[in-house]
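S.K.: I am attaching a structure below and will ask some questions about it afterwards.
Residue numbers (the working numbering), protein chains in the order written: chain A, 11 to 63; chain B, 491 to 847.
This is the structure in structure tokens:
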């Protein structure tokens with residue numbers, strides 16, 4: 011539930027936030043968020059492949 | 491390794507006279523028959539008792555237990571009563587919501603999961619939504635109900651995507667339809683009566699005892715989503731508050747750290763939003779100029795593309811679902827509401843505000 015909130019809504023909130031506020035703190039948080047989304051996607055693809063077999 | 495396991499189905503029911511028959515019929519129609527079906531009628535004030543009783547004559551392995559105290563024990567209490575009445579020959583216990591139904595090979599798939607992995611403590615299903623009949627509604631009410639249905643339909647697809655990504659170590663063996671090895675659930679001491687998310691709590695207890703918690707996409711269960719804002723917000727607040735309470739209870743360990751990490755990221759985002767919204771007039775403190783930083787663009791692009799990819803997990807997808815996701819705005823507005831709910835969940839948990847189910 012929270013993960014959906016931070017990856018879907020949070021992704022956009024973060025992008026808008028960074029557009030207005032390019033500070034190091036925000037950069038760090040949003041890089042982590044980007045990492046969560048990318049790692050989540052890689053895990054999703056792996057999960058799909060494993061469950062197909 | 492045994493190739494036949496005895497399965498019992500537990501169904502807690504509180505005022506479910508309209509739904510329980512459909513739920514029970516889906517259990518009766520299974521390709522793999524359970525040896526015992528227990529309905530715990532939890533202080534219902536409607537005719538749940540009568541509906542279930544009328545079915546016990548045709549289905550002798552259906553057992554009805556009434557909580558006649560007049561005081562509901564809620565889901566966890568009702569399930570614990572069911573657990574105490576399980577036949578000693580049972581190997582697997584399946585817990586099912588009374589307002590849901592399951593596909594006819596559901597128990598067969600559950601049994602296959604447990605036979606193929608003797609370290610498996612619990613397995614959960616795909617969570618599908620039952621399409622509501624909105625024909626009786628009119629005007630704004632109909633539009634709102636339709637929009638809430640569509641948003642939840644897409645959202646539940648996202649939940650299944652998350653379960654697929656973590657299929658061999660799911661966060662929650664959800665209450666809609668999960669099955670447990672009797673040995674694992676007995677070792678945990680059963681469901682906790684003081685938790686709003688008793689399913690999350692039980693999942694952690696099972697994992698902490700060394701059992702696996704998995705997702706099997708071949709197990710299908712369907713439930714009714716709330717179609718009013720009040721109902722949806724009440725449900726989501728319960729999930730969020732319940733989630734925070736469970737983490738506080740279990741602390742940081744190898745099964746909870748990733749959930750803790752998500753909360754930390756959430757709070758960090760929240761602080762960023764507050765810094766933008768808060769009136770900071772001191773010179774040079776924060777710059778409120780629009781600048782399209784590459785990370786912002788990458789985040790928006792990657793977030794958008796992955797969210798579109800996750801549409802493949804939405805059941806019976808239609809044009810409206812795709813449009814809602816492509817337009818972003820409806821889901822973004824819901825996210826803002828969820829942000830606010832999550833904050834209130836932290837406050838409620840810290841302040842130990844009385845829990846309501």
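We put the beta carbon where it would ideally sit given N, CA and C, even for glycine.
Where residue 771 of chain B and residue 810 of chain B are concerned, what is the direct C-alpha to C-alpha distance, given to the nearest angstrom?
M.R.: Here residue 771 of chain B refers to the residue found at position 281 when the second chain is read from its first residue. Here residue 810 of chain B refers to the residue found at position 320 when the second chain is read from its first residue. Confidence at residue 771 of chain B is low in this model, with a pLDDT of 47, below 50, so the placement of that residue should be treated as unreliable; the coordinate-derived value is given next. Approximately 44 Å between the Cα atoms of the pair.
S.K.: Is residue 577 of chain B buried or exposed, if buried means 16 or more other CB atoms sit within 10 Å of its CB?
M.R.: Taking the second chain and counting its residues from 1, one reaches residue 577 of chain B at position 87. Exposed, by the Cβ-count rule.
S.K.: How many whole angstroms separate the CB atoms of residue 735 of chain B and residue 813 of chain B, which I take to be in contact at a CB cut-off of 8 Å?
M.R.: Locating residue 735 of chain B in the second chain gives position 245, counting from the first residue. Locating residue 813 of chain B in the second chain gives position 323, counting from the first residue. About 37 Å separates the two Cβ atoms, so there is no contact after all.
S.K.: For the alpha helix (DSSP H) containing residue 611 of chain B, list its first residue and its last residue.
M.R.: The residue labelled residue 611 of chain B in the question sits at position 121 within the second chain. First-last for residue 611 of chain B: 610 to 619, but that is the beta strand (DSSP E), not the alpha helix (DSSP H).
S.K.: State buried or exposed for residue 548 of chain B, treating a residue as buried only when at least 16 other CB atoms are found within 10 Å of its CB.
M.R.: Along the second chain, one-based indexing puts residue 548 of chain B at 58. That one is exposed.
S.K.: Output the distance between the C-alpha atoms of residue 40 of chain A and residue 609 of chain B, rounded to the nearest integer angstrom.
M.R.: Residue 40 of chain A sits at position 30 when you count from the first residue of the first chain. Residue 609 of chain B sits at position 119 when you count from the first residue of the second chain. If you take the alpha carbons of residue 40 of chain A and residue 609 of chain B, they lie about 38 Å apart.
S.K.: Just the chain A side, please: which residues come within less than 8 Å of residue 657 of chain B by C-beta, in chain order?
M.R.: Taking the second chain and counting its residues from 1, one reaches residue 657 of chain B at position 167. Those are 57, 60 and 61, listed as they occur along chain A.
S.K.: Say whether the region 654 to 673 of chain B touches the region 612 to 630 of chain B, bearing in mind that this needs 3 or more beta-carbon pairs closer than 8 Å, one atom from each stretch.
M.R.: With a cut-off of 8 Å, the region 612 to 630 of chain B and the region 654 to 673 of chain B count as touching, because enough Cβ pairs lie within range.
S.K.: Under 7 Å between beta-carbons, which chain A residues line up against residue 796 of chain B? List them in chain order, please.
M.R.: By one-based count along the second chain, residue 796 of chain B stands at place 306. Under the 7 Å cutoff, chain A gives 47 and 51.
S.K.: Give the single residue among B:830, B:655, B:513 and B:649 whose Cα lies nearest to the Cα of residue 617 of chain B.
M.R.: The count along the second chain starts at 1 and reaches residue 617 of chain B at position 127. Checking every option, the nearest Cα to that of residue 617 of chain B belongs to B:649.
S.K.: Compute the beta-carbon to beta-carbon distance between residue 533 of chain B and residue 560 of chain B, rounded to the nearest angstrom, for a pair I have assumed lies under 8 Å.
M.R.: Along the second chain, read from residue 1 onward, the residue named residue 533 of chain B stands at position 43. Along the second chain, read from residue 1 onward, the residue named residue 560 of chain B stands at position 70. 6 Å between Cβ atoms; contact.
S.K.: Going by DSSP, what residue range makes up the alpha helix (DSSP H) through residue 784 of chain B?
M.R.: Within the second chain, numbered from 1, the residue matching residue 784 of chain B stands at position 294. That run of the alpha helix (DSSP H) goes 784 to 799.
S.K.: Please look up how many angstroms separate the CB atoms of residue 839 of chain B and residue 731 of chain B, rounded, as I've assumed it's under 8 Å.
M.R.: Walking along the second chain from the start, residue 839 of chain B turns up at place 349. Walking along the second chain from the start, residue 731 of chain B turns up at place 241. Right, their Cβ atoms sit about 6 Å apart.
S.K.: Kindly indicate the opening and closing residues of the beta strand (DSSP E) around residue 500 of chain B.
M.R.: Reading the second chain from its first residue, position 10 is the one you call residue 500 of chain B. 497 to 503 is the span of the beta strand (DSSP E), which, as asked, contains residue 500 of chain B.
S.K.: Under a Cβ-count criterion, where at least 16 other Cβ atoms within 10 Å of its own Cβ denotes burial, should residue 828 of chain B be classed as buried or exposed?
M.R.: In the second chain, residue 828 of chain B corresponds to position 338, counting from 1. Per the 10 Å Cβ criterion, buried.
S.K.: Answer with buried or exposed for residue 699 of chain B, where buried requires no fewer than 16 other C-beta atoms within 10 angstroms of its C-beta.
M.R.: What you label residue 699 of chain B is simply residue 209 of the second chain in a count that begins at 1. Looking at its Cβ environment, which holds fewer than 16 other Cβ atoms inside 10 Å, residue 699 of chain B is exposed.
S.K.: Residue 683 of chain B to residue 568 of chain B, Cα distance in whole Å?
M.R.: Within the second chain, numbered from 1, the residue matching residue 683 of chain B stands at position 193. Within the second chain, numbered from 1, the residue matching residue 568 of chain B stands at position 78. Between residue 683 of chain B and residue 568 of chain B, the C-alpha separation is close to 10 Å.
S.K.: From residue 523 of chain B to residue 500 of chain B, what does the alpha carbon distance come to, in whole angstroms?
M.R.: Walking along the second chain from the start, residue 523 of chain B turns up at place 33. Walking along the second chain from the start, residue 500 of chain B turns up at place 10. Going from the Cα of residue 523 of chain B to the Cα of residue 500 of chain B covers about 14 Å.
S.K.: For residue 716 of chain B, would you say it is in contact with chain A, using Cβ-to-Cβ distances shorter than 8 Å as the test?
M.R.: As a working mapping, residue 716 of chain B is identified with position 226 in the second chain. It does not: the Cβ of residue 716 of chain B has no partner Cβ on chain A nearer than 8 Å.
S.K.: By a C-beta neighbour count over all protein chains shown, 10 Å radius and 16 as the cutoff for buried, is residue 571 of chain B buried or exposed?
M.R.: Stepping through the second chain from its first residue, residue 571 of chain B is reached at position 81. Residue 571 of chain B should be labelled buried.
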